[in-house]
Amino acid sequence: MDLTTVFRMPAIHDLHRTKTERIHQALGRGAGRLITPTTHAPATGYALAHHVLEGAEHAARVGDPDTFVWYSEHPDAAATELTPAAGPLTVVPAEEQLLTSYVSDTPYYVLGPTTQAAPGHLHKLTLESATLAADQGFGDLVDAHAPIVCLLTGKPLGSPLRSWTISRMPGTVFLDYVPDNTVMVARDLIHEAGHNWLNDALTATGCEIDNTRTFYSPWKKTHRPAYGFIHGCWSFSLVTLYVAAVLPTTTGETHTFLTAYLDRQRAQLRVVTGDHETALRTISDSTLRTRLRIVYRHALAF
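So for the sequence shown, the numbering used here puts the first residue at 24; every next one is plus one.
1) Give me the Cα-Cα distance between Asp37 and Arg191, rounded to the nearest whole angstrom.
2) Keeping to the same chain, check which residues put their C-beta closer than 6 Å to that of Ser307; ignore five residues upstream and five downstream.
3) Between which two residues does the alpha helix (DSSP H) holding Gly78 run?
4) Check for me: the beta strand (DSSP E) holding His246 runs from which residue to which?
5) Looking at C-alpha atoms only, which residue of Thr113, Gly78, His278 is the closest neighbour of Trp93?
6) For the beta strand (DSSP E) that Phe197 lies in, which residues bound it at each end?
7) When the Cα atoms are used, what is the spatial distance from Ser124 to Thr274?
8) List the whole-angstrom C-beta distance separating Gly143 from Pro170, where the pair is believed to meet the contact cut-off of C-beta under 8 Å.
9) In terms of DSSP beta bridges, what is Trp187 paired with?
10) Within 10 angstroms of the Cβ of Asn234, are there 16 or more other Cβ atoms? Answer buried if so, exposed if not.
11) What are the start and end residues of the beta strand (DSSP E) that includes Ser124?
12) Cutting at 8 Å between CB atoms, please list the residues of its own chain near Tyr284, excluding the five before and the five after it.
13) Within 8 Å, do at least three Cβ pairs link the segment 144 to 157 to the segment 245 to 262?
14) Quick check: what's the CA-CA separation for His254 versus His218?
15) Between Thr279 and the rest of its own chain, which residues show a CB-CB distance below 6 Å, the 5 nearest in sequence each way excluded?
16) Suppose the cutoff is 6 Å on Cβ atoms and the five residues either side in sequence are ignored; what does the same chain contact list for Leu311 look like?
17) Determine, using beta-carbon pairs with one atom in the segment 232 to 251 and one in the segment 165 to 181, whether at least three such pairs fall under 8 Å.
Now the structure itself:
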């Protein structure tokens, strides 16, 4: 299966470009100056623009003019000073640096004037993990939808690993990690990049999912509205495809862990077969609906 044809969607590229331009225009009006476009790839510029927007809005709310000016002078959140030659922009925020807002209880981190790049070994971890994801066919997904990685806490293999995205910070992923284990980090990069991709695809195609119906999610062990259910089916289908592809290259504890993980994902994907097709009918764009169906069915076949 050529995943490139699934992930590449001109409407998403257009969304990244136009939304970034609008953010820079809005910031320029607030600062009373012209914001010079950044030279980053469109997907990276899109992710960075949301950090700048969030940081500038927060500075305005708390009455911090110096920080607001900093964002207007750094429309890429000084990413050029943080980003090495290759790989995702990686930062390692402390737990106390994570924010919540009046619109979301989910914590997040915003690049700002005090942000420091991740230590070399952790940037190497995300770079090699992104490369591994690309080797298995997920390069376009991770490059465009996880260009900013916030590593949280290193944990042993088998420990519960947190990972999440939030819609107000597209292109940024937050995740715990297993130190020196690129296979596991790549798994979670793919999972969270998948959520970002689907959010962008829904926005770019103008789809609004009808959440009046709920469906049982074996991953959450509860009924979820169609939006969350479709998200789960999509991202876990992607992860199933990745794990099935990478498993033969693994050894030892990682192989044992992922073998059991893959068996569990296969069983959970089978549980949602009928509901998945029903939920897809809430998506009005036929191209997007078809791509979600193809990936799910391909994962189910493994």
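Built from N, CA and C at the ideal position, the CB exists for glycine as well. Since the model is a prediction, treat every value here as computed from it, not as a measurement.
Short version:
1) Counting from one through the sequence shown, the residue named residue 37 turns up at place 14. Counting from one through the sequence shown, the residue named residue 191 turns up at place 168. C-alpha separation (whole angstroms): 18 Å.
2) Taking the sequence shown and counting its residues from 1, the one referred to as residue 307 is at position 284. Only Cys230 meet the Cβ criterion.
3) Locating residue 78 in the sequence shown gives position 55, counting from the first residue. Segment 65 to 85, the alpha helix (DSSP H) holding Gly78.
4) Here residue 246 refers to the residue found at position 223 of the sequence shown. From DSSP, the beta strand (DSSP E) with His246 extends over 245 to 248.
5) Taking the sequence shown and counting its residues from 1, one reaches residue 93 at position 70. The shortest Cα separation from Trp93 among Thr113, Gly78, His278 belongs to Gly78.
6) Residue 197 sits at position 174 when you count from the first residue of the sequence shown. 195 to 200 is the extent of the beta strand (DSSP E) around Phe197.
7) Working through the sequence shown from its first residue, we reach residue 124 at position 101. Working through the sequence shown from its first residue, we reach residue 274 at position 251. For Ser124 and Thr274, the distance between alpha carbons rounds to 42 Å.
8) As a first step, residue 143 is located in the sequence shown; it is residue number 120 there, counting from the start. As a first step, residue 170 is located in the sequence shown; it is residue number 147 there, counting from the start. Incorrect: roughly 19 Å between the Cβ atoms, too far for contact.
9) Position 164 of the sequence shown, counted from the start, is the residue given in the question as residue 187. Beta-bridge pairing links Trp187 to Phe197.
10) The residue labelled residue 234 in the question sits at position 211 within the sequence shown. Its Cβ having fewer than 16 others within 10 Å, Asn234 is exposed.
11) Against the sequence shown, residue 124 aligns to sequence position 101. 122 to 124 is the span of the beta strand (DSSP E), which, as asked, contains Ser124.
12) By 1-based counting over the sequence shown, the position of residue 284 is 261. Hits under 8 Å: Val266.
13) no
14) Here residue 254 refers to the residue found at position 231 when the sequence shown is read from its first residue. Here residue 218 refers to the residue found at position 195 when the sequence shown is read from its first residue. Each residue's alpha carbon lies about 6 Å from the other.
15) Taking the sequence shown and counting its residues from 1, the one referred to as residue 279 is at position 256. So the list is empty, once near-sequence residues are dropped.
16) Start at 1 with the first residue of the sequence shown, and residue 311 comes out as number 288. Counting only Cβ-Cβ distances below 6 Å, and skipping sequence neighbours, we find Ala224, Thr228.
17) no
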